[in-house]
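Residue numbers (full-length UniProt numbering): 1 to 208.
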Amino acid sequence: MKTWITDFMEQFGYIGIFLLLALENVFPPIPSEVILPFGGFMTTTSHLTISGVVLSATLGSVLGAIILYAIGRMMSVERMERLVEKYGRLLRVKKEDVRRADAWFDRYGYWTVLFCRMIPLIRSLISVPAGMSGMKLSPFLILTAIGSLAWNVLLVLIGAALGESWHEIGAYMDMYSNIIYALLAGGAAVIGWMFFRRRRLKLKESKQ
C-alpha cells in the first residue's frame, strides 16, 4: 500500500494529498504516518511547498472528519461497535478503540476533539462520538482544524527533515502513541484525584 500511496502523491501532488487525507479519516488502513512524511520529503525534491502540503492535508483531514461526524449523527455507540466487530479487521479498528474514543469524549467534552486529532487511529474515530453527542458543527470544525493542523505540521516537517529516510518515522509512531496514552491516563488520574479531593473538602465544610 505504501508504494501505491507514494505513486499517487507523486502523480497528483496537492490534490492527491488532499484526497488521501480525506480518505485516511474514513478508511484508517491508509496511514497519515506515510502520507505526511512523504509529503514533507516531496517538498525537498519537487515544486511542492511545506505550506501547500500542510494546507492540502488539513483541508482533506477536515473533510474526512465531517463525513464521520455526519455518520455519528445517525448512529449509536452500540451500532458502531457492531459495525466495527464485523468490519474492524478491514478498517484496522477494534471495539476497544470505539469505546475509548466515546469514553474520552464523555469525560473531557469538546476538547477531546482537539487532542485526539493528534493520536493515531483515535484521531479519526473521535469524530463519530462528536456527532453522536450532538456537538455543534462550528466548534467541531474549529477544533478539528486546529488539531489536524498541529498533527500535519509535525509530520510534514519531520518528513522534510529526514529527507530520503522519511519512512523511518514509522518506527517511532508506536512509541509516540504509547507516550500520549500514558500522558492522557496520567492527566485523567490527576483530574479525577483533584475532583475527588475538592468534593471531600466540600462535604467536610457542609458538615461543620
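Every residue, glycine too, gets a C-beta built ideally from N, C-alpha and C. Computed from a predicted structure; not experimentally measured.
Own chain partners of residue i with C-beta closer than 8 Å, once the 5 adjacent residues on each side are dropped
i: Tyr48; result: In the sequence under discussion, the amino acid at residue 48 is Leu, which differs from the Tyr named in the question. Answer for Leu48: Gly13, Tyr14, Gly39 and Met42, listed in chain order.
i: Glu164; result: Phe41
Alpha helix (DSSP H) segment containing residue i, residue limits
i: Tyr110; result: Here Tyr110 belongs to no alpha helix (DSSP H), and DSSP marks it neither H nor E.
i: Phe38; result: Ser32 to Met42
i: Ile119; result: That residue, Ile119, is in no alpha helix (DSSP H); it is neither H nor E in DSSP.
i: Met132; result: Ser127 to Met132
i: Thr58; result: Ile50 to Arg73
i: Gly159; result: Leu137 to Leu162
Inter-residue Cα distance where the pair is residue i and residue j
i: Lys136; j: Ser61; result: 18 Å
i: Thr44; j: Ile66; result: 31 Å
i: Phe8; j: Ala161; result: 22 Å
i: Leu149; j: Leu20; result: 15 Å
i: Leu154; j: Ala70; result: 27 Å
i: Met118; j: Ser46; result: 27 Å
i: Ile50; j: Gly16; result: 15 Å
i: Val34; j: Met75; result: 30 Å
i: Gly131; j: Thr112; result: 13 Å
i: Val26; j: Glu10; result: 22 Å
i: Arg79; j: Thr6; result: 35 Å
i: Leu59; j: Arg73; result: 21 Å
i: Phe140; j: Leu125; result: 13 Å
i: Arg82; j: Pro120; result: 22 Å
i: Thr3; j: Glu85; result: 29 Å
Cβ shell of residue i (< 7 Å), same chain only, five flanking positions each side left out
i: Leu114; result: Leu143, Ile146 and Gly147
i: Gly52; result: Tyr14
i: Leu36; result: Ala57, Asn152, Leu155, Val156 and Gly159
i: Leu63; result: Ala22
i: Tyr110; result: Met135, Pro139 and Leu143
Integer-rounded CB distance, given that residue j should sit under 8 Å from residue i
i: Arg123; j: Cys116; result: 6 Å
Close Cβ partners of residue i (< 6 Å) along its chain, the five nearest in sequence each way excluded
i: Ser127; result: Ala65, Leu68 and Tyr69
i: Val54; result: Asn152, Val153 and Val156
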